[in-house]
Structures are given as structure tokens and as C-alpha cells.
């Protein structure tokens, strides 16, 4: 899940002829979010009506909080549209399709 780095930092104070070493430790991890559905199919929906589908977001990281956000896309909305998932936190969001005109819609959110 994470990689630990440990090094020594050398500090050379040339004017007073002192050489110091200081340990530096850091941890690096990749974001890992799981979305409960690979795609959403809202089926048929009348103009000016809406269909909603709940999905779950899971932060699979044990150490990182993840900031998420969904941009604005015509005909679609997501609630909550942004937030922070704490490590190992699961959050349900609702994606709503509200067509304002006739047609077939396909979007990435």
C-alpha cells in the first residue's frame, strides 16, 4: 500500500567548518479508489423527469485520504458532488439523469 523512504541529509556549514547529518523519512502511496459500477444505464427517461442510480466509492488506501469531485455535465448531476474519503471509507453517491431534450445521451462523469 505504501513505500517507506529513509535517507540522511548532509548539511555542510562551510563558513564554520561543521558537517551535520540529519535523517529524513517519507512515505509514498498511490491513490486507490473503487467504484461499485463500471457503467450506469438509466434506461428510458421522459424529458423533464429524472432517473437516479446510487453508486459507492471506496477508498482502498489504508493511509491516504482522497479528494474527489464530479464536474458539471449537462443532463447529469451527482450528490454529493465533491468531498474527501478518509482511508478505507466507503461513501454512497447518487447519480441523476434529467434530460431537457430528446435524444440518446452518453457521457463520462
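Residue numbers (full-length UniProt numbering): 1 to 109. Glycine included, each C-beta is placed from N, C-alpha and C at the ideal position. Since the structure is predicted, the reported quantities are computational estimates derived from the model, not experimental observations.
Check: DSSP on residue 32, reduced to helix/strand/coil?
Finding: Position 32 of the chain shown holds residue 32. Residue 32 falls in the coil class under three-state DSSP.
Checklist line | Close Cβ partners of residue 84 (< 8 Å) along its chain, the five nearest in sequence each way excluded | finding: In the chain shown, the residue the question calls residue 84 occupies position 84. So the list reads 65, 66, 67, 68, once near-sequence residues are dropped.
Check: Which word fits residue 61, buried or exposed, when buried means at least 16 other C-beta atoms lie within 10 angstroms of its C-beta?
Finding: As a first step, residue 61 is located in the chain shown; it is residue number 61 there, counting from the start. Per the 10 Å Cβ criterion, buried.
Next item on the list: Could you tell me the distance, in whole angstroms, from the CA atom of residue 55 to the CA atom of residue 93?
Entry: Position 55 of the chain shown, counting from 1, holds the residue named residue 55. Position 93 of the chain shown, counting from 1, holds the residue named residue 93. Going by the C-alpha atoms only, they are around 5 Å apart.
Check: Got a sec? Which residues, its chain only, sit under 7 Å from residue 101 by beta carbon, not counting five neighbours each side?
Finding: Translated into positions along the chain shown, residue 101 becomes position 101. So the list reads 47, once near-sequence residues are dropped.
Item checked: Chain-order list of residues whose beta-carbon lies under 7 Å from that of residue 37 (same chain, five-residue window excluded) -> Sequence index remark: in the chain shown, residue 37 carries index 37 (1-based). Closer than 7 Å at Cβ, skipping near neighbours: 55.
Checklist line | Cβ distance (whole Å) where residue 35 is taken to contact residue 22 below 8 Å | finding: As a first step, residue 35 must be located in the chain shown, where it is residue number 35. As a first step, residue 22 must be located in the chain shown, where it is residue number 22. In fact, because the Cβ distance is near 42 Å, the residues do not count as touching under 8 Å.
Next item on the list: For residue 39, count neighbouring C-beta atoms within 10 Å of its own C-beta (all shown protein chains included) and say buried if the count is 16 or more, exposed if not.
Entry: Residue mapping note: residue 39 aligns to position 39 of the chain shown, counting from 1. Residue 39 should be labelled exposed.
Note to self: Taking the straight line between their C-alpha atoms, what separation do you get for residue 14 and residue 8?
What the structure shows: Indexing the chain shown from 1 puts residue 14 at position 14. Indexing the chain shown from 1 puts residue 8 at position 8. Distance between the alpha carbons of residue 14 and residue 8 is about 18 Å.
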